[in-house]
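Numbered according to full-length UniProt numbering, the sequence shown spans residues 1 to 68. For each residue, glycine too, the CB sits at the ideal point set by N, CA and C. All values derive from a computational prediction rather than experimental measurement. Notes to accompany the following structure.
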Amino acid sequence: MRTRHDTLEKNILALFSRACRQGRWDVAEHLLCALEASGDEGDGCEQPCVRGPVVDAYLSIASLPSKP
1 MRTRHDTLEK NILALFSRAC RQGRWDVAEH LLCALEASGD EGDGCEQPCV
51 RGPVVDAYLS IASLPSKP
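Written out as structure tokens, the structure reads:
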């Protein structure tokens, strides 16, 4: 079942990136919340996730050019 969950997260991340590129910050915020909610389930592993869609989303925000 984890594979379907991973695919959902990848699709949400792709939509998040698209919303950011198009300047749709209102939509991007909701998609980021969806990524965070999907990560709350966990994968049953005791170790924290080092890298995943939520981290990728925050890294893409950090790499956006700042406004002058």
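Between the options, which has its C-alpha nearest residue i's C-alpha?
i	options	result
Asn11	Gly23, Glu29 and Leu35	Leu35
Val54	Leu8, Leu13 and Thr7	Leu13
Lys67	Glu9, Leu8 and Gly23	Gly23
By the DSSP assignment, the alpha helix (DSSP H) with residue i in it spans what residues?
i	result
Pro53	Pro53 to Ala62
Taking buried to mean at least 16 other C-beta atoms within 10 Å of its own C-beta, is residue i buried or exposed?
i	result
Ala62	exposed
Cys20	buried
Leu59	exposed
Ala37	exposed
Glu29	exposed
Leu64	exposed
In this structure, does DSSP put residue i in helix, strand or coil?
i	result
Ser66	coil
Gly39	helix
Phe16	helix
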